[in-house]
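Chains as they are written, first to last, in the UniProt record's numbering: chain A, 1 to 629; chain B, 1 to 669.
For every residue, glycine included, the Cβ atom is placed at its ideal position computed from N, Cα and C.
This structure is a prediction, so every number in the text was calculated from the model and none was measured.
Report on the structure given below.
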Amino acid sequence: MPKEVPSSKTISKCDHNDNSKDVPDKRYDSDRSFKLPSVKIQKPFSAIPKKRTDVIKWNGWGYNDSKFVVKDGIICFTGKRYPIGELELPYFTEWAKKLLNVDPFKICLPCEIPFDDFFPKTIINEDFLCEIMNLKIEHSVDGFERLTRSHGQTLHDIYSLRRNMGSIHRIPDIVLWPCSHEDVMHIIALADKYNVVIIPYGGGTSVSGAVSCPESETRTICSLDTSQMNNILWLDKKNLLVCCQTGLVGQDLESFLQERGFTCGHEPDSYEFSTVGGWVATRASGMKKNVYGNIEDLLVNVKLVTPKGVLSKEGLYPRQSTGPDLNHIVLGSEGTLGVITEVILKIRPVAPIKKYGSIVFPYFDAGVACMREVARQRCQPASIRLMDNEQFQFGQSLRPKNSSYWSSFTENFKKAYLKHIKGFDLNLICVATLLFEGEKDQVEQQETLIYKIARDCGGIPAGENNGERGYMLTFVIAYIRDLGLDFNIVAESFETSVPWDRTLTVCRNVKYIVGKKCKEFGIKYFLISHRVTQTYDCGSCVYFYFAFNWEGLSDPVATYGEIESAAREEILRCGGSLSHHHGIGKLRARWYPKQVSQLGANLYSATKKYLDPNNIFACQNLLPLKSNL
Amino acid sequence: MAQKFRNILEDFQKNDHDFLWISRAINFIKAYNQSRPHISPNKLKKIVAKNSQLYDMVKEVFEDKGFWAAKQQISEILEEIGYAYDLAVVRWLGLFLIKMLRKSLSGLYINESMLKVIASEMGNSPVIFVPTHRSYCDFILMAFVCFKYNIHIPCVAAGMDFLSMKLMNKVLRNSKAFFMRRKFVDDHVYRSVFQEYIKAMISYEESPIEFFIEGTRSRTGKSLSPKFGFLSMVVEAYLTGDIPDLTIVPINISYDRILEEQLFAYELLGIPKPKESTKGFFKALKVLDENYGNILINFGDAFSIRSFLDNQINFRYRNQENETNKIKQIAFKITEMQQSLQIYSCFNVLALVLYDHIIRTHSHALALHEAVRSVNELLFLFDLFCGTVFVEGDLETSIKQSIIIHGSLVYLSSENVIILKKPKFKRHLNQSENQEGCYLSDEIIEEGVPIVMLQIYVNPTLTLFIRSSIILTVFECLSKEIEVTIDLLYENYQYICDLFKHEFVLTSSNFQEYYDSLLKLASLGILELHEGTIKIKNYNNVYIFLINLLKPFIISANEFCKFLLEEDITQKTQLQVVKEVQDKISFKIISGYIEEYYCLSLDLLSNIYNALSEMKIIIRNKQKNMLFTNAELLNDLNCYLCCLLKGRKMPYNFFKNSYLYNSIGKSKL
Ligand SMILES: Cc1cc2nc3c(=O)[nH]c(=O)nc-3n(C[C@H](O)[C@H](O)[C@H](O)COP(=O)(O)OP(=O)(O)OC[C@H]3O[C@@H](n4cnc5c(N)ncnc54)[C@H](O)[C@@H]3O)c2cc1C
C-alpha cells in the first residue's frame with residue numbers, strides 16, 4: 001500500500017452534481033459507444049512504466065526498491081514505500097528460525113539476469129510481424145522483455161526464475177504494445193489470419209499459471225501487453241461511472257479517481273500491479289467487496305475483441321433482462337476468448353470516514369461464529385478478516401524493536417483490557433481485523449453492532465492500531481516469498497469459497513491433510529495457516545498460506561504441487577469451491593469440468609470454438625488438456 | 001517376541017515410592033489437540049444441551065409438552081450419560097491399583113515401544129482405543145497404563161450395569177466413564193442425545209476415547225462379533241467433517257487367568273449371575289488375593305479411518321448403504337487385528353492338551369510328563385499357525401506355575417498327574433427366577449462347569465486352528481479315498497463357515513485364507529495338493545487334534561437342527577428356542593448320547609440360532625411375530641451335519657444342496 005494514497009482528510013467531499021470539466025466530459029446522451037469522439041482522453045499518472053523492470057522486479061514480487069534482506073543475521077525490509085521499510089525485524093528473524101529452521105547466515109543467492117544467448121530461440125511468423133510493423137504498433141523481440149512476460153506469480157514461476165532458469169523453455173516470441181481498442185482489433189485480425197497465438201498480459205500477477213506459454217505450442221506466441229492501454233476515457237459523475245482502457249493498473253485508477261473525490265473501491269491485494277483487464281478476465285475480488293462489490297458487481301459494460309468481432313452490450317443500463325448476461329462470458333474468460341479492451345465500471349464518492357478495528361477471540365471457532373453472525377445480520381463493514389493463531393503470531397513477529405506504533409499486540413491489548421485477558425491463551429487466540437468506511441454515524445452504528453456480536457461470541461475489541469497494522473501487512477507479506485526462496489523455503493497461498501457450515505471443516509481438514517502430507521514427504525519444518533477473508537450470505541472465502549523448508553527434497557516445487565493438490569482434493573470433498581478469486585488457469589484446469597459439470601465445460605468449449613475457431617487464444621486455461629485427463 | 005514386552009510392575013517394586021508416583025506432577029499428552037481451549041466435562045454437556053439441532057430432532061416426541069419438557073429430559077439423559085473427571089480420584093485409584101496389581105499379578109506386560117510410537121503421533125486427530133473385552137479389569141488396566149505413560153486417561157464407554165453400584169459408579173464416572181444403555185435403537189430421544197453427546201465428545205475431547213467393539217465382555221474367551229453402533233457414531237463425526245480423521249488403535253488384553261472365569265462358566269450354562277453391586281465388587285476383591293499370573297496388553301498398529309476409507313466416501317453426497325458397508329469392514333478389521341494381537345499363555349496350550357485328552361479318553365486326569373510332551377508338540381503347531389505363546393524359561397516349570405495359577409480349575413496330584421477340579425456348587429434358592437437356560441441337574445453342573453471353564457481357555461486358540469479344522473472335518477466325509485477338487489472343498493468349507501460365522505467371527509471366509517490353511521495342512525504332511533485336487537496323506541495325531549476341535553460345535557448345531565425338525569416353533573421366541581435346545585442336549589448328556597458338555601453353552605446355541613436366521617433356515621415373520629423354518633434347507637443341513645459327525649461319506653450330488661447352490665451362485669456374482 002503506497003503511502004501516497006490520499007488520507008480521508010485531504011479529500012473534499014464530492015459533489016454529486018458536479019459538472020466541472022477537469023475530467024473527461026461526462027456524456028449527455030446515452031450513446032452506446034464507449035468513447036465520444038469529442039472527448040479529450042486523459043492519461044493518468046502511471047506507476048509502472050512501459051519498461052516494467054525499471055520499477056518492478058523481474059524475478060519476484062513488487063517494487064525493485066522494496067524487499068526483505070538479511071543484514072548481519074537480522075531480517076530487514078528495504079525502501080520507504082511501506083511503513084515497515086528500513087527497519088530491522090529481529091522478532092521476525094527469530095520466528096523464521098524457530099518455525100522454519102531458517103539459518104539467516106546461509107543464503108543462496110538467486111540467478112542473475114541471463115545473457116542474451118540464454119533466451120529460447122524465437123519462432124517468428126515474418127508476414128505477421130511485417131504487417132504489425134506497417135501498422136506502427138510497438139513491438140519487441142528482445143529476450144529479456146519476452147522473459148518478463150512469460151510468467152505470473154505462482155511459486156513455480158518465481159522458483160524457476162530465481163533458482164532453476166534452465167527449466168524455462170517456452171516464452172513469448174514477440175511482445176506487442178497496442179494503445180487502443182482499434183490496435184487490438186487489427187492485431188487479432190492479423191493473428192487469426194496468420195495463425196499466431198495471442199496471450200493477453202496485464203499486470204502479470206496471475207497466480208494460476210494463466211499467462212505462461214504452453215510448452216507444446218509451435219506457432220508464434222505474441223504476448224499482448226496491455227500496459228499502454230491505460231487511458232481513462234471518461235468519468236460520469238451523475239451516474240457514478242468511469243470508462244477506461246483495460247491496461248490501467250489498479251493503483252493508477254484509484255489515484256485518478258481519488259484526486260477527484262471518487263473511488264472504485266476494488267482493492268485486490270495485488271491492486272498496486274494488477275490491471276482492470278486482469279480483474280475482469282479472472283473475476284477478481286477486492287478486500288472491500290462488502291461495500292463496493294466484487295468485479296462482477298462493478299462491471300457495467302465491457303468490450304471483448306475476438307477473432308469473430310467485438311462482443312459488447314448496448315448502453316449504460318443499471319440492470320437488464322435481456323437474456324443471459326453476456327458480461328459473464330467475458331468475466332473469468334482468462335484470456336481464452338479474446339482481449340478485453342475497454343470497460344465501464346461503477347464508482348462511488350470517497351467515504352468521509354475510514355476507520356480500522358480489531359477483535360480478539362479466544363480461539364478460531366469463536367471467530368468464525370462471529371463472522372457467521374455478522375453475515376447473517378448483513379452488517380459487514382467494508383472488510384472483516386479473521387486470522388488464525390499462526391498468522392496472528394506471524395503478524396506479531398513482523399514488528400521492529402522499540403516502536404510505540406508497532407508495540408506488540410499483546411502490549412496494546414493488555415493495556416486496554418487488562419481485566420479481561422484471563423482465559424485467553426496466546427497460543428490459541430485469533431484476531432479479526434476490521435475496516436469501516438462510510439458516514440460518521442453509519443460507521444459508529446456499525447461498530448456498536450459488530451462489537452456486540454463479537455462479545456456474544458466471546459471476542460473482545462482489541463483496538464484500531466492492531467486492525468490497521470493487519471491490513472498494512474497484507475501488502476508486505478507478498479514480498480516474503482522471494483526472501484524465503486533464498487533460504488530453502490518455498491511458500492504459496494491458495495484459496496476457496498465455502499458454505500458457512502463447512503467453513504471450519506475446510507480449515508481443519510486442510511491443515512490436517514497438509515500436516516499429514518508433509519510428514520509423508522519428510523518435511524520437518526512447515527507452516528500452514530488460514531484466514532477467513534470474506535463473508536457472504538451463505539458462506540465465506542478461506543485463504544491458506546503454506547510454506548516449508550525444503551531441506552532434503554530434490555524438487556520442492558513438485559512436492560509443493562502434490563501437497564496443494566491433496567489439499568485441493570480435500571477442499572472439494574469438504575464442499576469448498578475450486579477457487580474464490582484466483583481463477584482456474586492451468587493449475588486448476590484438471591478439476592474444472594467436474595466443478596461446472598461436463599455439459600457446462602462443453603458449453604464453454606463450444607463458445608470458445610465459435611469465438612476463436614483457430615484457437616489463437618491458445619493459453620490453455622480453464623479446460624484441461626486431454627493428456628491430463 | 002518376549003523382549004517386545006516389558007513388565008511395568010518392575011517399575012513399582014518399592015512400596016514406599018507408590019505415593020510419590022501417583023502424586024507426581026503430570027503434563028498429560030493430549031490425544032487430540034485442536035486449537036481450542038480445554039473443555040470441562042460439564043461444559044461438554046452444556047454444549048450438547050444447547051445444540052438446537054438436537055432439540056429439533058426430538059421435538060416431535062414432546063409435541064404437546066413443549067420446549068421445557070424436552071430440555072428437561074435432554075438434560076436428565078445427559079446427566080446419566082456424561083463422564084466427569086477428578087484427577088484426585090484417578091490418583092487414589094492409581095494407588096489402590098498399584099497395590100492390588102503387585103499383590104495379584106506376576107507381571108503386567110506392555111509392548112511399550114508401540115505405545116510410545118502411538119503416543120508420539122497423537123495430537124492431530126481423535127484417538128480411539130479399542131481393546132478386547134474379557135473382564136471388567138479391562139477398563140481399569142487401560143486407565144492405569146495411560147496414567148503410567150502420562151497419556152490422558154481415556155473416556156470410556158461403560159455399560160449401565162455399573163450405574164447400580166453405588167460407590168463404584170462415582171469412581172468410574174470421575175475417571176471418565178460415560179454410560180451407555182443397551183439396545184436403544186428405538187428410544188428416539190435417548191438415541192439422539194447419546195449420538196450428539198458422542199459427537200461433541202469426539203470433537204472437543206483431548207483424551208483418547210475407548211470403547212469395546214464386542215459390546216460386552218466375551219464370556220467364552222473368543223472374540224464376539226463386532227457391534228457397529230458406537231463405531232458408526234464415531235465415524236459419523238469424521239463423515240460430517242467435525243474432525244479431520246480418526247486414529248483407531250486395536251488392543252488385545254490377554255489374561256493368564258480371567259478374574260470372572262467361574263462366573264462366566266455358570267453364565268454360559270445359563271445359571272444366573274448375581275447383580276453387580278459394590279458389595280459384590282469388594283467381595284470379588286477377595287478373589288484378588290489369589291495369583292492371576294500375567295496380563296499382557298498388546299497395542300496394535302494404529303490406523304487412520306481417513307486412509308482406510310480413502311476416497312471411497314464422499315462427504316457431500318452421503319450414501320447410507322456404502323457407509324454401512326464400510327463401517328462393517330472397519331469393525332471386522334478391528335476384530336481381526338485384535339485376534340492377531342492375542343498372546344497365548346502356557347495355560348492356553350495346556351488347556352488344549354487337556355481338552356484333546358478328554359475327548360479322546362474321557363479321562364479328566366493327565367500325567368504331567370505327558371502333558372509337557374504334548375504341550376511341546378503343540379508349540380510347534382502354534383509356531384506354524386503364527387500364534388505367539390508367552391513362555392518364560394523352562395517349559396515344565398512354566399506349566400507347573402500355570403497349574404498353580406489356575407488352581408481353581410486344575411491341580412497337580414502327588415503322583416504328578418494333572419486333574420480337573422470339580423467345583424463346589426451351591427444352588428441359590430431362587431435360581432429358577434430369571435434363569436436364561438433350562439434347569440440343569442447338579443451332576444451336570446458339576447461335570448459341566450470345569451469343562452466349560454477349560455473351554456474358555458481353549459477358545460482363544462481356535463482363531464488359529466479353526467479354518468483347518470473345518471477343512472478337515474468337511475473333507476472327511478467328502479471322500480476318504482478319492483481326491484477332491486479345491487473348489488468343491490471350498491464350497492463345502494464356506495457352508496460350514498457360514499454356520500459358524502458368529503461363533504468364530506470368521507471375518508472373511510475368503511479364498512485366500514482357505515488356501516493358506518490348505519498350504520499349512522500340506523506342510524504338516526496331512527494333505528497333498530496336486531493340480532487342483534486334494535488328498536489326505538496322513539491321519540496323524542495333529543489331524544485328529546484338529547478334527548476334535550470342532551466337535552462340540554458340530555454336535556450343538558446338529559442337535560439344533562434336529563430340534564427344529566421335531567418341534568413346532570411358530571409361537572416361540574429366540575430365547576425359548578435356545579433354552580429348549582439346551583434342555584434337549586442336557587437330556588441326551590444324561591442319557592449318555594452326548595459327552596461334550598460344552599454343547600450346553602447358551603452362547604454357542606444363540607450363535608447358531610443367529611447363523612440359522614441369516615442362512616434363512618429360521619425365518620421370523622415380523623407382522624405375525626412367528627417363527628418358521630425352511631424345511632428344505634433345514635433338512636439339507638441336518639443330513640450334512642449327521643454325515644460330518646459320523647464321518648460317513650455323503651451321496652455325491654448332496655453337496656449341491658439348495659443352500660450351497662444359492663451361496664455359490666452369490667459368490668460367483
Ligand atoms: C500478492 C498477490 C495478491 C493477490 N491478491 C488478489 C486479491 O486480493 N484478489 C484477487 O482477485 N486476486 C488477487 N491476486 C491474483 C491476481 O492479482 C488477479 O488474478 C488479477 O486479477 C490479475 O490481474 P493482472 O492484471 O495481473 O492479470 P495477468 O496476471 O496479466 O493475467 C491474468 C489472466 O487474465 C488475462 N488477461 C489479462 N488482461 C486481459 C485483457 N485485457 N483481456 C483479456 N484477458 C486478459 C491473462 O491472459 C491471464 O489469463 C493476487 C495475486 C498476487 C500475486
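Compute the Euclidean distance between the alpha carbons of residue i and residue j, then round it to the nearest angstrom.
i        : j        : result
Glu116/B : Leu464/B : This sequence places Lys at residue 116/B; Glu is not what is there. Distance between the alpha carbons of Lys116/B and Leu464/B: 29 Å.
Ile188/A : Leu398/A : 47 Å
Ser606/B : Gln582/B : 10 Å
Arg348/A : Lys289/A : 13 Å
Leu108/B : Ile297/B : 8 Å
His169/A : Ser270/A : 27 Å
Leu449/A : Lys355/A : 15 Å
Phe45/A  : Asp252/A : 6 Å
Pro83/A  : Met472/A : 8 Å
Val596/A : Leu612/B : 51 Å
Phe639/B : Leu163/B : In the sequence under discussion, the amino acid at residue 639/B is Cys, which differs from the Phe named in the question. Near 48 Å, if we compare the C-alpha coordinates of Leu163/B and Cys639/B.
Trp500/A : Met387/A : 16 Å
Asn59/A  : Asn134/A : 33 Å
Ala119/B : Asp301/B : 12 Å
Tyr28/A  : Phe494/A : Residue confidence for Tyr28/A is low, a pLDDT of 40 falling below 50, so the modelled location carries little weight; the figure read from the coordinates is stated next. So the two alpha carbons sit approximately 45 Å from each other.
Let's test the definition: count the other Cβ atoms within 10 Å of the Cβ of residue i and tell me whether it reaches 16, buried, or not, exposed.
i        : result
Arg318/B : exposed
Tyr515/B : exposed
His581/A : buried
Thr336/A : buried
Tyr610/A : exposed
Ile56/A  : buried
Glu632/B : exposed
Glu76/B  : exposed
Anyone know if the C-beta pair for residue i and residue j falls short of 7 Å?
i             : j        : result
Tyr363/A      : Ser207/B : no
Ser223/A      : Arg149/A : yes
Pro423/B      : Val458/B : no
His156/A      : Val557/A : yes
Leu304/A      : Val343/A : no
Cys561/B      : Leu637/B : yes
Val58/B       : Val185/B : no
residue 679/B : Cys599/B : No answer is possible for residue 679/B: it lies beyond the span of chain B, which begins at 1 and ends at 669.
Trp279/A      : Gln228/A : no
Val197/A      : Ala618/A : yes
Can you tell me which of the three DSSP states residue i falls into?
i        : result
Gly484/A : helix
Val69/A  : strand
Val368/A : helix
Ser38/A  : With a pLDDT of 43 at Ser38/A, under the threshold of 50, the modelled position of this residue cannot be trusted; read the value that follows with caution. In the structure shown, Ser38/A sits in coil (DSSP, three-state: anything other than H, G, I, E or B).
Arg455/A : helix
In chain order, which alpha helix (DSSP H) runs of at least 4 residues are fully inside the stretch 575-663 of chain B?
602-614, 631-646
Curious, which full-length alpha helix (DSSP H) runs of at least 4 residues does the stretch 118-203 of chain A contain?
126-134, 143-148, 155-163, 181-194
As an exercise, report each continuous beta strand (DSSP E) stretch of at least 3 residues that is fully enclosed by the UniProt domain "Phospholipid/glycerol acyltransferase" (127-256) of chain B, in chain order.
127-131, 155-159, 177-180, 247-255
Taking only runs of the beta strand (DSSP E) that begin and end inside the stretch 20-98 of chain B, which ones reach a length of at least 3 residues, in chain order?
none
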